[in-house]
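Heads up: the structure comes next, in structure tokens.
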Amino acid sequence: KIHENVLLEADNKSIQQEILTIKDLLSKSQNECENLETENQKLKENLDMSTSEAEKLKSEAEELKSEVEQLKSEAQKIKSEAEQSKSEISTSQKSLSVLESTI
């Protein structure tokens, strides 16, 4: 009976040690889980900021594209005006030449 009690006490101590080990592992797991949740939250915030920044950059790119199109249009108008002026100058030179030849 005493031997049985000694064995039961040894088993009890072993079980208590296992319980302490499990509690320790559980505590470490909970801490790791909290750390991962914190890291996940930071990553979500970074993603939100990155998404917001990407949207701003996209908007700026669209504005710049619009400005480029306007500048192209203005350049085309200036080119057309220059060609028209060149044509008018050529016509004026021809008229002047005709006048000079008649004088």
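Here the UniProt record's numbering is used: the first residue of the sequence shown is 1, the next is one more, and so on. Virtual Cβ for every residue (Gly too), placed ideally from N, Cα, C.
Cα atoms of Glu81 and Thr51: separation of roughly 45 Å, rounded to the nearest angstrom. C-alpha of Glu45 to C-alpha of Lys56: approximately 16 Å in a straight line.
In this structure, DSSP gives Lys56 a helical state, which the three-state scheme calls helix.
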